Each structure stands twice: as structure tokens, then as C-alpha cells.
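Presented below is the structure to which this report refers.
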Amino acid sequence: MSERDELTAMVNEQAERQFRELLTPEAMEQASTGQWLPTLWQQMEDAGWPSALVAEGQGGVGLPSSAAFDVVRLSGHWGVPLPLAETMAGRGLWTAVGGDPDLVADRPVLLGVGAQAHAPALRLDGESSLSGETGSVTFGDAPGALLLVQAHMRDDAHALVLLDVQKLAPRSVRALSFEAQCAFSLGSVLVPTDYCQPWDVRDPRALQAVGAVLRSVQMVGAMQRCLALGLQYAQEREQFGRPISRFTPVQDMLVEAAAEVSAAVNAASLAVDHWRSAPTPEGVFAAAVAKSRCGEAAGKVAAFIHQVHGAMGFTQEHVLHQFTRRLWAWRDEFGTEAYWNHQIGTRVCAADGHSLWPMLTAL
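Under our numbering, the first residue of the sequence shown is numbered 1, with each subsequent residue one higher.
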């Protein structure tokens, strides 16, 4: 085992142990009401997970992306009801482009993707203002910062903009998951120079691609948990004098669910391999493939595992809905399957229309 693999295994063990201890049924029940959990968030801060992708020299943990994204996967596996994944990525991106670490320290960082806000006069040499309304932001009730990407006025480059959530006007948005969803009105919000950093990307979907990778990895973790729950229930539940796992239709559903999980793992792994602080065109393409494939798998796995559980899996008391509801919500966040499939098709057609397979195998 390589040194990096040993580090990943050690981080995996530590994160899993802590998530298991902290995410008690009582904590999950409280989170299901949509409440922000400050005590649980502080416990995550104390463990250092939100700063996992921040370099040690900037006050972070400095984990390699492979180890950090395994924590993201486990956050999906255990249903962490916090913007942990977004904060890990947000702090990592902000500090990587030269942003002041103190501006994102000790508070959640949300990703404002799909924003309608536009600032054609956004400058880096003085205060600028943003106007408009963002798209739906998950955990919009968290007392933290909102990270947006905006086009730079001088060329095709972009800038990362940091806003204080508590200074914005939220509008509640309905969602499938338990977490609060808010859109924010930006009524000529002033952005000081320190809160705006140039980002060396040319694709306006770069930040959305970052979020797509996060949700893909989280969906993998949640699907793995659903599959484990389905296997356990099928072995414990008896019908006609034997476990239902002995019945061929149930076996078929579990096998198909396992195949979907395996495909999702591979797609998400490719996207993680292309993780960069400034996503490349190949990285955006890998994110598109991952989000599309993981979203498709999430729908099928949730359906199969609910069929295995029957009516029991739909009850409030059973833990299954904690993960399937998140899967259904995560499929839509940071771009649906249809959206990313369209982006994939556009890129293929822009080439010669016959390059899909070479593009996939090149990842």
C-alpha cells in the first residue's frame, strides 16, 4: 500500500468513526425539521474536516484530493446534514486563488451556482456591486459565506466572489431534501476588493462543475448506504418461511442496484481524478459525465431498494428515507442529468459528432 493510500485509509477510518458517533438518531431527527445544527457544525470544525482541502501553510489540513473526497463520500454515506462538502471545496478554491483564509474560516461556505446575478462592471481595483437573484442554494439558512463566480469585464476570465449570507435577502425554495433551500436577492451588494479574486477559468460552468463532482461523490456514498440497508433487510425479512433474499426477483433487484452503484463509483472516481482548483475543460467534461451517470444510478438504486423494503421503507421511523430523499434532491442540484447530457452532447457535436467514445476513454 502506498503512503497516499495509507493516509486515505486512516482518514477514512477517522471520519467514519466520528460520523457514526455524532449522527445519532436524535441528531438526524432534529435535522429532518430543517433546523441548522450549530453544535454539530462546531464538532466538524474541531475535527478539521471543513478545511481538509486548504493547504497547511494557510491554516488547513492539506489533504490530497483522494483522501478529502473520501470524506465527502462518507458524508453522503452517513447523511451528514451540513454543508460540509460545499465548505471543503469552497475554502479550498478560495485559498487556492489567493483569497484571505480568514474570510472563510470558522463558518460554512455555500456554493452559489446557477446564479442570475451579473456584474458587467466587476473590477478588482475597487468596490463593485452585484444585482439580481441567485439560483437555489442548499443550506441557505446557514450563517456563512456564499461563493459565486462572475465574469470579469476585461476578458473572458472569471472571478470568485465571496458574499456574507446574513447580509442578503433570502427567499425560501421548496425542496425534496430536509435541508433549507434559499434563493438570494442581490440588491446592488457591494463587493470589496478582498472579497473578489481572479479565477483562471474560461468556462462559466466551472463552479457548477465543482458542485456536480461533490454531489456525484455524495450520491455514491448514499447509494452504498442504501444498498447495504437493502441487503441487510433482505436477509432479515422472512416470507413463506425463508429470507426474501432467497427469492429471485429480490435477488435481481439487489444485483441491478449493485451494478448501478459500481458504475456510479467509477464515474465519480474519474471526476475526482480531474479535480483542480481551476477546472480544466476536461475536468468540466468529467464532472458532466459523473453527474449524469450518478444521477441516473441514484434514481434506479432508490427505486430498487424501496421495492425490496416494501411499505416499511417509506415510514418516517425507518432510516432509508434519510438517504433516498437526499438522492432525489442531489440528482437535481448543480445540474440535472438532462442538463449535463446536453452539455456532453454539445461538446461532442462541436468536435465531429463521432467523438463521444474517444472522449470518455481519454478521461
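Cβ atoms here follow ideal geometry from the backbone N, Cα and C, with glycine treated the same way.
Quantities reported herein were computed from a predicted structural model and do not represent experimental measurements.
Residue i - DSSP class collapsed to helix/strand/coil
{"i": "alanine 119", "result": "With a pLDDT of only 40 at alanine 119, under the threshold of 50, the placement of this residue in the model should not be trusted, and no figure is reported."}
{"i": "aspartate 70", "result": "helix"}
{"i": "aspartate 125", "result": "A caution first: aspartate 125 carries a pLDDT of 47, below 50, which makes its placement in the model unreliable, though a value can still be read off. Correct three-state label for aspartate 125: coil."}
{"i": "tryptophan 199", "result": "strand"}
{"i": "phenylalanine 184", "result": "strand"}
{"i": "leucine 227", "result": "helix"}
{"i": "alanine 350", "result": "helix"}
{"i": "histidine 274", "result": "coil"}
{"i": "aspartate 141", "result": "coil"}
{"i": "leucine 162", "result": "strand"}
{"i": "glycine 295", "result": "helix"}
{"i": "serine 177", "result": "coil"}
{"i": "valine 113", "result": "coil"}
{"i": "glutamate 333", "result": "coil"}
With 16 other Cβ atoms within 10 Å as the buried cut-off, status of residue i
{"i": "lysine 291", "result": "buried"}
{"i": "serine 216", "result": "buried"}
{"i": "glutamine 343", "result": "buried"}
{"i": "glutamine 116", "result": "Confidence in glutamine 116 is poor, its pLDDT being 45 and thus under 50, which makes the residue's placement too unreliable to answer from."}
{"i": "methionine 10", "result": "exposed"}
Neighbourhood of residue i by C-beta, 7 Å cutoff - its chain only, sequence neighbours within 5 removed
{"i": "leucine 22", "result": "Leu40, Gln43"}
{"i": "glycine 112", "result": "Thr134, Val137, Leu146, Leu147, Leu148"}
{"i": "proline 281", "result": "Asp203"}
{"i": "methionine 312", "result": "His318"}
Sequence-distant residues of its chain with Cβ nearer than 6 Å to residue i (five each side left out)
{"i": "valine 210", "result": "Ala89"}
{"i": "valine 161", "result": "Leu148, Gln150, Val191, Cys196"}
{"i": "asparagine 12", "result": "Asp70"}
{"i": "glycine 98", "result": "Gln197"}
Expected contact under 8 Å - CB spacing of residue i and residue j to nearest Å
{"i": "serine 188", "j": "serine 129", "result": "4 Å"}
{"i": "valine 201", "j": "proline 279", "result": "6 Å"}
{"i": "alanine 257", "j": "cysteine 294", "result": "Their Cβ separation, rounded to whole angstroms, is 14 Å, which puts alanine 257 and cysteine 294 out of contact at 8 Å."}
{"i": "alanine 234", "j": "isoleucine 244", "result": "5 Å"}
Sequence-distant residues of the same chain with beta carbon closer than 8 Å to residue i, five excluded per side
{"i": "leucine 37", "result": "Ala27, Gln30, Ala31, Pro81, Leu82"}
{"i": "glycine 59", "result": "Ser51, Pro101, Ala105"}
{"i": "threonine 8", "result": "Pro64, Ser66, Ala67, Asp70"}
Residue i beta carbon near the ligand HEM (any heavy atom closer than 7 Å)
{"i": "valine 80", "result": "With respect to small molecules bound, the structure shown includes none, and the ligand HEM cannot be examined in it."}
Inter-stretch contact at 8 Å, needing at least 3 Cβ pairs: the segment 22-38 / the segment 60-74: no
Stretch-stretch touch, CB-based, cutoff 8 Å, three pairs: the segment 44-62 with the segment 83-96: yes
So, do the segment 170-187 and the segment 322-341 have three or more beta carbon pairs nearer to each other than 8 Å? yes
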